[in-house]
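Student: Pasting in a structure now, in structure tokens, and then I'll have a few things to ask.
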Amino acid sequence: IPSLNVNNNSMEHKTYTLNDGRQVHLRSLQPSDKEQLVKLYSSMSASALRWTKAPTGEEIKQIIQYPDYYISMVTEHDDRVIGHGEIKKDSEKRNGELNVHVHQDYHGVGLGTVMMIALMNNATGQDLHRINLKVAAENRKAVRLFRRFGFQQQSTMRETFGGEEHDAFLMSKTLKL
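Using the working numbering, the first residue of the sequence shown is number 1238, and each one after it goes up by one.
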């Protein structure tokens, strides 16, 4: 897995070529991205949002307003935001909860992997101890991606996705002992 240079709360702007040849730009979330994020989530299909909950405008505002509690990044293609990833830190800034969202036009071409590399490297650079996440058990591609990055299943619970209850895995990865 390649690594990115980490600089405190921001990540270096990087360009990546996806498996289908498209070039995307990865960078830290900026306050000016709020409108683009709202557009991203409103343009995502029901199937792309099936296993996740898109953040509301108010939640996006929180992410932008309190950057010390988030490692947050966007990916762009053709001057539009196509992916958003974040690690929300706990109140002690010791552990975090991971979320990755990819527009359906970019599924299956390596964008989730690129975003995971950046987020995990940044979390390590900020001395976070543990990263947690919840993922629908039926979302096999995401479960495989998280396992590839060393996340391990801690428990199974019932969680609501798309208005229906499903099994979900609570997964975690320890970054620093």
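Cβ coordinates follow ideal geometry from the N, Cα and C atoms, glycine included.
Bear in mind that the values here come from a model prediction, so they are computed numbers and not experimental data.
(1) Considering only the alpha carbon of each residue, which of Phe1398, Lys1413, Ile1368 lies closest to Gln1391?
(2) Quick check: Leu1200 and Ile1300, are their CB atoms within less than 8 Å of each other?
(3) Since Gly1322 and Asn1332 are thought to touch, with beta carbons under 8 Å apart, how far apart are those beta carbons, to the nearest angstrom?
(4) Based on DSSP bridge pairs, tell me the residues matched to Ala1373.
(5) Grab the span of the beta strand (DSSP E) containing Glu1313 for me, first residue to last.
(6) Glu1295: which of Glu1313, Met1281, Leu1274 sits nearest, CA to CA?
(7) Look at the Cβ atom of Leu1382, then the Cβ atom of Thr1350, and state whether they are nearer than 8 Å.
(8) Nearest CA to the CA of Asp1404: which residue from Gln1302, Val1372, Arg1259, Asp1327?
Tutor: For this structure:
(1) The count along the sequence shown starts at 1 and reaches residue 1391 at position 154. Of the candidates Phe1398, Lys1413, Ile1368, the one whose C-alpha sits nearest the C-alpha of Gln1391 is Ile1368.
(2) Not covered by the structure: residue 1200. The range shown for the chain is 1238 to 1414.
(3) Position 85 of the sequence shown, counted from the start, is the residue given in the question as residue 1322. Position 95 of the sequence shown, counted from the start, is the residue given in the question as residue 1332. 17 Å between Cβ atoms; not a contact.
(4) Taking the first residue of the sequence shown as 1, we reach residue 1373 at position 136. Ala1373 is bridged to Ala1405.
(5) Within the sequence shown, the letter at position 76 stands for residue 1313. Glu1313 -> beta strand (DSSP E) spans 1307-1314.
(6) As a first step, residue 1295 is located in the sequence shown; it is residue number 58 there, counting from the start. That would be Leu1274, whose Cα lies nearest to the Cα of Glu1295.
(7) For the purposes of this step, residue 1382 is taken as residue 145 along the sequence shown, with counting starting at 1. For the purposes of this step, residue 1350 is taken as residue 113 along the sequence shown, with counting starting at 1. Yes, these two residues count as a Cβ contact at 8 Å.
(8) The sequence position of residue 1404 within the sequence shown is 167, counting from 1. The shortest C-alpha separation from Asp1404 is found at Val1372.
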